[in-house]
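In this note's numbering, the protein residues as written are 7 to 163.
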């Protein structure tokens, strides 16, 4: 788990992700109610958690990848990409456990939900993070060369 100043940032990221999902659900509900203005339903301020189940098992939701602007590019000890990868690992473990449980119950794979049936993505962990960090590291190297050149000029005086 990732900690910073005594706070579990993994739990913080999960709370943020759940909050975003609930807000998206609320927006959908408001838009749906706006389509039917004659319906006298009160808009609830507390969103209903939508849990998808299959044969009594909760199907885990894939974590939302961080947006490109969510990374501050300041080489944080715990980056949003680290938190996302941790959430993604937990998701993959949950899917693997669900597959094991469904297989143990001898439920045919053809009946499994689409997301559970699919093989885990062959994306290398941190591929997106590596692209962003590579650009950041290139910038850092260019700045280091510039500083070295400036020091060499000032030392030559």
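Idealized CB from N, CA, C, for every residue including glycine.
- The C-alpha of residue 119 lies about 37 Å from the C-alpha of residue 83.
- By the Cβ neighbour-count rule, residue 114 is exposed, with fewer than 16 other Cβ atoms within 10 Å of its own.
- When DSSP states are grouped into helix, strand and coil, residue 64 belongs to the strand group.
- Counting the other Cβ atoms within 10 Å of the Cβ of residue 26 gives fewer than 16, which makes it exposed.
- C-alpha of residue 111 to C-alpha of residue 31: approximately 33 Å in a straight line.
- Rounded to whole angstroms, the Cβ separation of residue 92 and residue 16 is 6 Å, and the two are in contact under 8 Å.
- Counting C-beta atoms within 10 angstroms of its own C-beta, residue 108 has 16 or more neighbours from the protein chains shown and is therefore classed as buried.
- In the DSSP assignment, residue 106 is bridged to no other residue.
- If you draw a straight line from the Cα of residue 151 to the Cα of residue 78, it comes to about 23 Å.
- Between residue 63 and residue 94, the C-beta spacing is not below 9 Å.
- Distance from the CA atom of residue 89 to the CA atom of residue 40, rounded to whole angstroms, is 36 Å.
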